[in-house]
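Structure first, commentary second.
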Amino acid sequence: MRKIIPSAIVLVLLLQPAISQTSEWIRFTPKGGNFVVMLPSQPKEDVSVKENFTTHLYTVSAGKAIFLIGFGEYAPGVRIDPQKELEANRDNFNLGLKATLLTSKTYDMDGRPALEFTSETQQVNLRSRVFLVGNRVIQLATLVYKGYDESQNVDKFLDSFAFISQN
Numbered sequence: 066m067r068k069i070i071p072s073a074i075v076l077v078l079l080l081q082p083a084i085s086q087t088s089e090w091i092r093f094t095p096k097g098g099n100f101v102v103m104l105p106s107q108p109k110e111d112v113s114v115k116e117n118f119t120t121h122l123y124t125v126s127a128g129k130a131i132f133l134i135g136f137g138e139y140a141p142g143v144r145i146d147p148q149k150e151l152e153a154n155r156d157n158f159n160l161g162l163k164a165t166l167l168t169s170k171t172y173d174m175d176g177r178p179a180l181e182f183t184s185e186t187q188q189v190n191l192r193s194r195v196f197l198v199g200n201r202v203i204q205l206a207t208l209v210y211k212g213y214d215e216s217q218n219v220d221k222f223l224d225s226f227a228f229i230s231q232n
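Here the sequence shown stands for residues 66 to 232, numbered as in our numbering.
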């Protein structure tokens, strides 16, 4: 997930027009994701398969914000250092967008390592959370065009995330 998500985000920013803001959010549970999150509308999906890593990226553009969900799975034999993986995802995300890191903090969510960070580019403010579950990396991110306040929707999106058990 180190370089795939930033490249996809750049494409989203360049190609996806803003969709009108809707008041009815949907509950989104990607197949095999083992998590749930609220979104302003049904996301577009992009899947990328590499030798040791498969990435699923979901995007929604609403108002002056873009909501992103990405998750990827390393091959079972790949060893991961949780702290380094979280930081690498943060750093590569910022590198791909040419963003400057503003804040970063690590924490645990339901016993799983997590990292939250904020960054900015000349055009957008970014806020993201990254989670590590075994060999799976999950990243939520919001990009809000500067000069606009989407903080209520950003909070709603990020705070709605929850892990769910496998069925």
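Ideal Cβ positions, reconstructed from N, Cα and C, are used throughout, including at glycine.
Residues of the same chain with a CB within less than 8 Å of the CB of Met103, apart from the 5 flanking positions on each side, are Trp90, Ile91, Arg92, Phe93, Lys221, Phe222, Ser225 in chain order. By the Cβ-count criterion, Gly135 is buried, with 16 or more other Cβ atoms from all chains shown falling within 10 Å of its own Cβ. Between the stretch 186 to 193 and the stretch 112 to 128, the count of C-beta pairs closer than 8 Å stays below three; the two stretches do not touch. Remark: three or more beta-carbon pairs, one from each stretch, lie closer than 8 Å, so the stretch 199 to 219 and the stretch 146 to 161 are flagged as touching.
Exclusion of the five residues before and after Leu166 leaves Asn159, Ser184 as the residues of its chain whose Cβ lies within less than 6 Å of its Cβ. Under the three-state reduction of DSSP, Asp173 is assigned to strand. Between Tyr210 and the set Gly128, Asn154, Gly98, the nearest pair of CA atoms involves Gly128. Ranked by Cα distance from Val112, the options Asn99, Ile131, Gly137, Ser106 are led by Gly137.
Rounded to whole angstroms, the gap between the alpha carbons of Arg177 and Tyr213 is 33 Å. Scanning Phe228, Lys109, Glu110, Pro108 for the CA closest to the CA of Val195 turns up Phe228.
Distances from the alpha-carbon of Gln107 to those of Phe100, Asp173, Pro95 put Pro95 closest.
Per DSSP, the continuous beta strand (DSSP E) segment holding Asp111 begins and ends at 109 to 114. The Cβ neighbour count for Pro141, taken over all protein chains shown within 10 Å, is under 16; the residue is labelled exposed. By the neighbour-count criterion, in which a residue is buried when 16 or more other Cβ atoms sit within 10 angstroms of its Cβ, Thr207 is buried. In this model, Gly98 and Val198 are separated by some 11 Å (Cα to Cα). Burial of Val219 is indicated by the presence of at least 16 other C-beta atoms within 10 angstroms of its C-beta. Within the model, the alpha-carbon separation for Ser126 versus Lys109 is close to 10 Å. In terms of CA proximity to Ile131, Pro105 leads the group Asp146, Phe118, Glu116, Pro105.
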